[in-house]
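Since the structure comes first, as structure tokens, the remarks are kept for the end.
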Amino acid sequence: MFSRIKKFNPSVDKRFLVALSGILWSVVGTMLCRLAVRWLSLEGGLHAVRLGLAGAILALLIYYFGFLKLVRRNTERILSKKEKICIFAFQPWKSYIIIAVMIGLGVILRSSSLPKQYLSVIYMGFGGAMVLSSLVYYRNFFRKT
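Quick note: the sequence shown uses the numbering used here, first residue -7, plus one each step.
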């Protein structure tokens, strides 16, 4: 029975999983930043520049005080595994719950009455932090092991 189940386990090399994590973090982070920039472009002027700067500062803070530790732990977890691991193991299983909650909150925020130019600061903060964090994954992927 278990041998049949193992056949359906999509296993990949652990270094590929580190690269996949970086790619996913880059794509999602870029998507969030793109949405934030689009909202800011509707605002225009010096106010948009100030909000963009606030988003960039927030991105650095979220990266340094939040995501950096998480990405390092996740990379260590992946690299400590055997050579071939399940492709869905790029995040710990409990993180999938957090991801679902974050997606839900994003949908709620986008459909709320909060002005989009202020939401752009949050989106740029998280998106920028995700892009910065993806660089840690890429560095570990290209590092000789």
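Here a beta-carbon is modelled for each residue, glycine too, at the ideal position from N, C-alpha and C.
Only a predicted model underlies this, so the values are computations on that prediction, with no experimental measurement involved.
- Taking the C-beta atoms as reference points, Leu24 is found no nearer than 8 angstroms to Gly96.
- Boundaries of the alpha helix (DSSP H) harbouring Ile114: 108 to 134, taken from the DSSP string.
- Pairing Phe8 with Asn1, the inter-Cα distance amounts to about 16 angstroms.
- Contact between the region 117 to 133 and the region 9 to 22 is established, with three or more Cβ pairs separated by less than 8 angstroms.
- Apart from the 5 residues on each side of it in sequence, Gly44 sits with its Cβ closer than 6 angstroms to the Cβ of Leu32 in its chain, given in chain order.
- Short of 7 angstroms from the beta carbon of Gly117, and not among the five residues preceding or following it, lie these beta carbons of its own chain, in chain order: Gly47, Leu50, Ala51, Ile54.
- Nearest to Ser3 by C-alpha distance, out of Arg42, His39, Ile70, is Ile70.
- Membership of Ile77 in the beta strand (DSSP E) is indicated by the continuous run 76 to 78.
- Taking the C-beta atoms as reference points, Phe82 is found no nearer than 8 angstroms to Ala121.
- Ser72 sits in coil when the DSSP states are folded into three classes, being neither helix nor strand.
- Counted as a single uninterrupted DSSP element, the stretch harbouring Ser104 is not any alpha helix (DSSP H), since DSSP gives it neither H nor E.
- Rounded to whole angstroms, the separation of the alpha carbons of Val99 and Thr67 is 29 angstroms.
- The distance from the Cβ of Leu27 to that of Tyr115 is about 6 angstroms, consistent with a contact at the 8 angstroms cut-off.
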